[in-house]
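In the UniProt record's numbering, the protein residues as written are 1 to 146.
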């Protein structure tokens, strides 16, 4: 890739400005918990013989381990509630996924880890903190119930 092509690619991609490359247009940003649910469902189908048996690759094994370790939410209803906390007219799907995946506890932490949040005029700190608190409560309740 020559320098001008690289510069154009870099201009097209900047997560701090919610600019993603063409390959991500129309793609859904998933929570780690959602990936874990999908992988678990695939494994269940494989065990029941509904899916062809495929050799487990090192990458798949590491992905399953990563999701098991960093998945913050374990049940589908909680994951659905988390998704509903972040309305698409207020949050880009990338921001919603990052907030859920990172488990930020404070507005400052969220804005440092997800710089696009700091650039928003339509989102005040109290509103964001309320959403972070709701997410934390859902996680605690889920842990107590599960």
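Quick reminder that beta carbons are idealized off the backbone N, C-alpha and C, glycines included.
Reference residue i, options the options, closest by Cα
i, options, result
"residue 69", "104, 118, 36", "36"
"residue 89", "120, 136, 108, 77", "120"
"residue 105", "134, 91, 58", "134"
"residue 85", "99, 75, 124, 62", "99"
"residue 71", "49, 38, 43", "38"
"residue 17", "34, 114, 132", "114"
"residue 137", "82, 102, 94", "82"
"residue 96", "28, 24, 67", "28"
"residue 129", "26, 110, 101", "110"
"residue 140", "75, 12, 92", "75"
"residue 34", "78, 112, 92, 87", "78"
"residue 91", "131, 45, 46, 108", "131"
Pairwise C-alpha distance: residue j and residue i
i, j, result
"residue 126", "residue 117", "13 Å"
"residue 153", "residue 31", "Residue coverage of the chain in this structure runs from 1 to 146, which leaves residue 153 outside it and unanswerable."
"residue 142", "residue 14", "34 Å"
"residue 58", "residue 65", "11 Å"
"residue 123", "residue 42", "38 Å"
"residue 24", "residue 12", "11 Å"
"residue 103", "residue 45", "30 Å"
"residue 56", "residue 112", "37 Å"
"residue 101", "residue 80", "14 Å"
"residue 94", "residue 87", "12 Å"
"residue 62", "residue 107", "32 Å"
"residue 26", "residue 40", "25 Å"
"residue 19", "residue 73", "27 Å"
Coil, strand or helix - residue i by DSSP
i, result
"residue 146", "Residue placement at residue 146 is flagged as unreliable, the pLDDT there being 47, under the threshold of 50; a coordinate-derived value is accordingly withheld."
| request: Write down every uninterrupted run of the alpha helix (DSSP H) in the UniProt domain "RNA polymerase Rpb4/RPC9 core" (22-142) whose length is 4 residues or greater and which is fully enclosed by it, in chain order. | output: 32-47, 58-70, 76-85, 93-102, 107-113
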